[in-house]
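Here's the structure, in structure tokens; my notes come after.
Number of protein chains: 2
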Amino acid sequence: MSDRKRDILLNAVEEYIQSASPITSSNIRSHCSENLSTATLRNELNALEAMGYLRQLHTSSGRVPTAKGYRYFVNSIMGDVPLDKAVLDEIHGIFENRSIYLGDMVNEIADIVSKATNYPAVVMLKGFEKLIIKNVKIVPLMTGQALILIETNSGIINNFMPAKVDIPTQTYVDASNFLTTTFAEHSVADMIQNIENYRVQMGKDLAEFCGIFDTMIDSLKCLCDKIASSGGFTARGQLRLLNSPEYHDLDKAKRVIDALSNPKDLEQIFDEPDDEEISFRIGTEIPVTELQDCAVARADYTIDGESIASIGIIGPQRMDYAKIASALKFVVGEFANLKALDSNKGDKDEQK
Amino acid sequence: MSDRKRDILLNAVEEYIQSASPITSSNIRSHCSENLSTATLRNELNALEAMGYLRQLHTSSGRVPTAKGYRYFVNSIMGDVPLDKAVLDEIHGIFENRSIYLGDMVNEIADIVSKATNYPAVVMLKGFEKLIIKNVKIVPLMTGQALILIETNSGIINNFMPAKVDIPTQTYVDASNFLTTTFAEHSVADMIQNIENYRVQMGKDLAEFCGIFDTMIDSLKCLCDKIASSGGFTARGQLRLLNSPEYHDLDKAKRVIDALSNPKDLEQIFDEPDDEEISFRIGTEIPVTELQDCAVARADYTIDGESIASIGIIGPQRMDYAKIASALKFVVGEFANLKALDSNKGDKDEQK
DNA sequence: GTTAGCACTCTCGCCAATTGACTGCTAATA
DNA sequence: TATTAGCAGTCAATTGGCGAGAGTGCTAAC
Chain A
0 MSDRKRDILL NAVEEYIQSA SPITSSNIRS HCSENLSTAT LRNELNALEA MGYLRQLHTS
60 SGRVPTAKGY RYFVNSIMGD VPLDKAVLDE IHGIFENRSI YLGDMVNEIA DIVSKATNYP
120 AVVMLKGFEK LIIKNVKIVP LMTGQALILI ETNSGIINNF MPAKVDIPTQ TYVDASNFLT
180 TTFAEHSVAD MIQNIENYRV QMGKDLAEFC GIFDTMIDSL KCLCDKIASS GGFTARGQLR
240 LLNSPEYHDL DKAKRVIDAL SNPKDLEQIF DEPDDEEISF RIGTEIPVTE LQDCAVARAD
300 YTIDGESIAS IGIIGPQRMD YAKIASALKF VVGEFANLKA LDSNKGDKDE QK
Chain B
0 MSDRKRDILL NAVEEYIQSA SPITSSNIRS HCSENLSTAT LRNELNALEA MGYLRQLHTS
60 SGRVPTAKGY RYFVNSIMGD VPLDKAVLDE IHGIFENRSI YLGDMVNEIA DIVSKATNYP
120 AVVMLKGFEK LIIKNVKIVP LMTGQALILI ETNSGIINNF MPAKVDIPTQ TYVDASNFLT
180 TTFAEHSVAD MIQNIENYRV QMGKDLAEFC GIFDTMIDSL KCLCDKIASS GGFTARGQLR
240 LLNSPEYHDL DKAKRVIDAL SNPKDLEQIF DEPDDEEISF RIGTEIPVTE LQDCAVARAD
300 YTIDGESIAS IGIIGPQRMD YAKIASALKF VVGEFANLKA LDSNKGDKDE QK
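Same order as they appear, the protein sequences are chains A and B.
The first sequence: position 105 = 104 (numbering that gives the first Met the number 0), numbered continuously.
The second sequence: position 209 = 208 (numbering that gives the first Met the number 0), numbered continuously.
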């Protein structure tokens, strides 16, 4: 492909992303190639169409990028576009004020990412059980339940468990301390799996904790199951899909929105690992029929090479790829900072 | 109004709520008045139109209820329609498993009510500071923050506050116990306002708690402000508005949905007290211009005569009033049960 | 390789005619 | 007096045709 064709194609795609109306030869002339005539541009556009990057909706209309055209654009222009400063600050604020429950954080991130990009966002929490335990607290409440708080390197896991009222508060404190000293720097999964071994090993010392541990593990398993049954997905900002002219058709929009609340569909997109920083799938590259006239952006947050959470944006193929890429990069970056911060902290102030 | 007119009107409204298409004379004949001719029915419909209960969109179309017609229907038919058993169980489950944060509970209730009715739902948390304290716990975390847990008669208030790492855990326990014994059976507002007095009164005994109390009160005030700034509103299920044929027009739907995320608008509907169990406002009865072709249902949850939370449903005037009324009644009923249960519990197991 | 010019194609908005669904009204009937 | 049958009238919705406008493809000239 000649340099000129490349310029024209990239310009056409960019233009179309902004305007949402088919690109004409005069259109391009006024925006980037003022020294060429429309006739020449028509020849070039014709060639680009033959090459499969553009297509015409009908003989006498302008041209629209094909999935291949978008793909070319995405591969070429992956430079960052600076995000809105207010949005940046808002994202940063969420992470700043991070002594927050993991579940809430996931919701907030989905909200913010959707707001920043103006498309629906999906967050998939893949393995909270892989997070590294820093501290465990079991707090008995008056209502016959207790609150489990597990501080990890990426936020706090919280869950309620049933609790007998006749167990003294101190027992809960002791049990919590035991769990913290035993499982600090281990993963939650480790704790769930290995608590049995510790119990056997330590004999009657732990007898009084047994009941507590059993119900705690049960309730954590329950939480795992709950997250697993929803596939760990949280979708937010579905309404924003309606802002795109391509989804002014309600039925079309509904089909996409329905897919967003169907774990089975989303699974196919987010389950398989993805080692790119930001990946885009366009059109038929998406393994879900209902979404094949969409584009999906995805970024993963990984710890030690394992993906903990995925963030996805779903929109029309004519989505603002550059803006989305920078939003996702920024969010994932904040995630990483968070982890660095936490491990520092963890070293500094040991729990007695 | 004659009995026959009444029958015809109620039937027409009910029919229209189901079918969403204008009611014709032959329509009524086949559904309720098979012994009358369509001509007679036309005379009756004509009379009902003259009385202002129905109106024609154009000369040769069927008739549609006016706001006055819906109002008559609502006042007449307030009998309960049994709700879907699955929905009933789901609502019940939320309250059953009630050791849950107030904030989460509000979200879940909005979700469920919206799901049950198939319309957008709004929950307004008016005065969590009016709730009665049963127990206070301040739990220090590793990240330089502490978790405030206030168990009340209607769920747990939770919020984070900054905390110095060098304060020993026991101080937090003592501070928590002090707050619990001092303010149990008082409202949260009482605690926020009167903690100053207690501090002055008790002198240096409390000196070591001062810092903790100050930051706690600050952070609770912050929470109050945050809730106040959003008007305390949580809207869910906005998308369901699109299911109604009257909102297939996107712009029309968006105007309503925007109003639902505008505290200023919602305030006008939910701020003034409402002593009916379930109240409906139809059309111009709603004090918000953007919502004047909608209907709004509202139910309040009150403690000691004061409204703590309001639940609202927004939909087209052609909404299923009976179904909405029963869903709201059921939810408010569960709320009340909750309170009864809690005060029992409170008597039984005292905190040391 | 580039450009000007012309014919061609297709969408969109507009208008008129047709169709079909209901109603209102009038006159006949119980 | 209340009800009904029948007929004329009204209006929305659909259809088809027409013209304008936008944009292209192609060809011939530069």
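Here a beta-carbon is modelled for each residue, glycine too, at the ideal position from N, C-alpha and C.
- Task: Measure from the C-beta of V136 (chain A) to each C-beta in chain B and report whether the shortest distance is under 9 Å.
- Result: Against the first sequence, residue 136 (chain A) aligns to sequence position 137. Strictly speaking, residue 136 (chain A) in this sequence is Lys, with Val absent from that position. Flagged as an interface residue toward chain B: K136 (chain A), by a C-beta distance shorter than 9 Å.
- Taking R352 (chain A) as the reference, give the member of A:A183, A:L238, A:I323 with the closest Cα. One cannot answer for residue 352 (chain A) here, as it falls past the ends of chain A, which runs 0 to 351.
- Query: With DSSP run on the structure shown, which of helix, strand or coil describes Y197 (chain A)?
  - Reply: In the first sequence, the residue the question calls residue 197 (chain A) occupies position 198. Helix at Y197 (chain A).
- Query: Mind pulling the beta strand (DSSP E) runs of 3 or more residues that sit fully within the stretch 276 to 348 of chain A?
  - Reply: 277 to 281, 293 to 302, 305 to 315
- Message: Quick check: what's the CA-CA separation for F72 (chain A) versus I310 (chain A)?
- Response: Working through the first sequence from its first residue, we reach residue 72 (chain A) at position 73. Working through the first sequence from its first residue, we reach residue 310 (chain A) at position 311. Taking the straight line from one Cα to the other gives about 22 Å.
- Task: Decide if the stretch 287 to 306 of chain B is in contact with the stretch 250 to 258 of chain B; the criterion is three or more beta carbon pairs, one per stretch, under 8 Å apart.
- Result: yes
- Task: Out of A:M318, A:H57, A:A335, state which residue places its alpha-carbon closest to the alpha-carbon of A19 (chain A).
- Result: Position 20 of the first sequence holds residue 19 (chain A). Measuring from the Cα of A19 (chain A), the nearest candidate turns out to be A:M318.
- Taking C-beta to C-beta, are R235 (chain A) and S113 (chain A) nearer than 9 Å? For the purposes of this step, residue 235 (chain A) is taken as the residue at position 236 of the first sequence. For the purposes of this step, residue 113 (chain A) is taken as the residue at position 114 of the first sequence. In contact: R235 (chain A) and S113 (chain A) (Cβ atoms closer than 9 Å).
- Any non-hydrogen atom of the ligand MG within 8 Å of F269 (chain A) CB: Of ligands this structure carries none, so the ligand MG is not represented either.
- Which chain A residues sit within Cβ distance under 9 Å of I108 (chain B)? Sequence index remark: in the second sequence, residue 108 (chain B) carries index 109 (1-based). What I108 (chain B) touches in chain A: nothing, since even the nearest Cβ is about 16 Å away.
- If you check the beta carbons only, do Q144 (chain B) and M160 (chain B) fall under 9 Å apart? In the second sequence, the residue the question calls residue 144 (chain B) occupies position 145. In the second sequence, the residue the question calls residue 160 (chain B) occupies position 161. Yes, the pair counts as a contact, with Cβ atoms nearer than the cut-off.
- 7 Å CB neighbourhood of P272 (chain A) in its chain, flanking five on each side removed: Residue numbering aside, residue 272 (chain A) sits at position 273 when the first sequence is read from its first letter. So the list reads S306, once near-sequence residues are dropped.
- Task: Leaving out five residues on either side along the sequence, give the residues of the same chain with a beta carbon under 8 Å from the beta carbon of N242 (chain B).
- Result: On the second sequence, position 243 is the one that residue 242 (chain B) refers to. Only N117 meet the Cβ criterion.
- Message: Quick test of your reading: L148 (chain A) and V12 (chain B), contact by CB under 8 Å. State the CB separation rounded to the nearest angstrom.
- Response: Looking up residue 148 (chain A) in the first sequence gives position 149. Looking up residue 12 (chain B) in the second sequence gives position 13. The Cβ separation is near 53 Å, so there is no contact.
- Item | Beta-ladder partner(s) of P161 (chain B), from DSSP | Walking along the second sequence from the start, residue 161 (chain B) turns up at place 162. B:Q144, per the DSSP bridge assignment.
- Task: Compare the C-beta of F159 (chain A) against all C-beta atoms of chain B and say whether one is closer than 9 Å.
- Result: Locating residue 159 (chain A) in the first sequence gives position 160, counting from the first residue. At least one chain B Cβ lies under 9 Å of F159 (chain A).
- Query: Just the Cα atoms here: how many angstroms apart are N34 (chain B) and I22 (chain B)?
  - Reply: Stepping through the second sequence from its first residue, residue 34 (chain B) is reached at position 35. Stepping through the second sequence from its first residue, residue 22 (chain B) is reached at position 23. Cα to Cα, N34 (chain B) sits roughly 18 Å from I22 (chain B).
- Item | Best match in B:E128, B:Q17, B:Y15, B:L47 for proximity to R3 (chain B) [C-alpha to C-alpha] | Position 4 of the second sequence, counted from the first residue, corresponds to residue 3 (chain B). Considering only alpha carbons, the answer is B:L47.
- Message: Classify N74 (chain A): buried if its beta carbon has 16 or more other beta carbons within 10 angstroms, exposed otherwise.
- Response: Residue 74 (chain A) sits at position 75 when you count from the first residue of the first sequence. Burial is judged here by how many other beta carbons sit within 10 angstroms of a residue's own beta carbon; N74 (chain A) has fewer than 16 and is exposed.
- Query: Taking just the CA atoms, how far does N106 (chain A) sit from F269 (chain A)?
  - Reply: For the purposes of this step, residue 269 (chain A) is taken as residue 270 along the first sequence, with counting starting at 1. For the purposes of this step, residue 106 (chain A) is taken as residue 107 along the first sequence, with counting starting at 1. So the alpha carbons of these two residues sit roughly 17 Å apart.
- Interface residues of chain B facing H247 (chain A) [CB-CB closer than 7 Å]: What you label residue 247 (chain A) is simply residue 248 of the first sequence in a count that begins at 1. By Cβ distance, chain B contributes L249.
- Item | Limits of the unbroken beta strand (DSSP E) element including P139 (chain A) | Taking the first residue of the first sequence as position 1, residue 139 (chain A) is located at position 140. Boundaries of the beta strand (DSSP E) harbouring P139 (chain A): 132 to 139, taken from the DSSP string.
- Query: How would you write the range of the beta strand (DSSP E) that F232 (chain A) sits in, first residue to last?
  - Reply: Taking the first residue of the first sequence as 1, we reach residue 232 (chain A) at position 233. 232 to 235 is the span of the beta strand (DSSP E), which, as asked, contains F232 (chain A).
- State the DSSP-derived secondary structure class of L240 (chain B), mapped to helix, strand or coil. By 1-based counting over the second sequence, the position of residue 240 (chain B) is 241. Helix, per DSSP.
- Query: Can the beta-carbon of I312 (chain B) be found closer than 9 Å to that of A335 (chain B)?
  - Reply: Position 313 of the second sequence, counted from the first residue, corresponds to residue 312 (chain B). Position 336 of the second sequence, counted from the first residue, corresponds to residue 335 (chain B). No, Cβ-Cβ distance for I312 (chain B) and A335 (chain B) is not below 9 Å.
- Could you pull the start and end residues of the beta strand (DSSP E) that P262 (chain A) belongs to? Indexing the first sequence from 1 puts residue 262 (chain A) at position 263. Per DSSP, P262 (chain A) belongs to no beta strand (DSSP E); it is in the alpha helix (DSSP H), 262 to 269.
- Message: For T181 (chain A), which residues in the same chain have their Cβ closer than 7 Å to its Cβ, ignoring the five residues on either side in sequence?
- Response: Counted from its first residue, the first sequence places residue 181 (chain A) at position 182. Cβ within range, chain order: Y197.
- Applying a beta-carbon distance threshold of less than 8 Å, which residues of chain B neighbour L238 (chain A)? Start at 1 with the first residue of the first sequence, and residue 238 (chain A) comes out as number 239. Near L238 (chain A) (Cβ distances below 8 Å), the residues of chain B are Q237, L238, I256.
- Message: If contacts are defined as beta-carbon pairs under 8 Å, then E128 (chain A) and I191 (chain A) qualify, I think. What distance do you get, rounded to the angstrom?
- Response: Mapped onto the first sequence, residue 128 (chain A) falls at position 129. Mapped onto the first sequence, residue 191 (chain A) falls at position 192. Contact holds; Cβ gap of about 7 Å.
- Have a look at D264 (chain B) and F232 (chain B) and give me their C-alpha separation to the nearest angstrom. For the purposes of this step, residue 264 (chain B) is identified with residue 265 of the second sequence, where counting begins at 1. For the purposes of this step, residue 232 (chain B) is identified with residue 233 of the second sequence, where counting begins at 1. The alpha-carbon atoms of D264 (chain B) and F232 (chain B) are separated by roughly 11 Å.
- Item | Anticipated Cβ contact below 8 Å, H91 (chain B) with E333 (chain B), distance rounded | Translated into positions along the second sequence, residue 91 (chain B) becomes position 92. Translated into positions along the second sequence, residue 333 (chain B) becomes position 334. Correct: roughly 6 Å between the Cβ atoms.
- Item | Contact under 9 Å by Cβ, I7 (chain B) with S25 (chain B) | Here residue 7 (chain B) corresponds to residue number 8 of the second sequence, with the count starting at 1. Here residue 25 (chain B) corresponds to residue number 26 of the second sequence, with the count starting at 1. No; because the gap between Cβ atoms is not below 9 Å, this pair is not in contact.
- Task: Would you list the residues sitting across from T151 (chain A) in a DSSP beta bridge?
- Result: Here residue 151 (chain A) is taken as the residue at index 152 of the first sequence, counted from 1. For T151 (chain A), which the question treats as bridged, DSSP gives the partners A:I132, A:G154.
- Task: Have a look at B:I211, B:I99, B:N134 and flag the residue whose alpha-carbon is nearest the alpha-carbon of N157 (chain A).
- Result: By 1-based counting over the first sequence, the position of residue 157 (chain A) is 158. With distances taken between Cα atoms, N157 (chain A) lies closest to B:I99.
- Message: Counting only beta-carbon separations shorter than 9 Å, does I99 (chain B) have a partner in chain A?
- Response: Taking the second sequence and counting its residues from 1, one reaches residue 99 (chain B) at position 100. So yes, I99 (chain B) belongs to the interface.
- Supposed close pair I155 (chain B), V330 (chain B) - CB separation, criterion 8 Å: The count along the second sequence starts at 1 and reaches residue 155 (chain B) at position 156. The count along the second sequence starts at 1 and reaches residue 330 (chain B) at position 331. Not really, about 19 Å apart at Cβ, beyond 8 Å.
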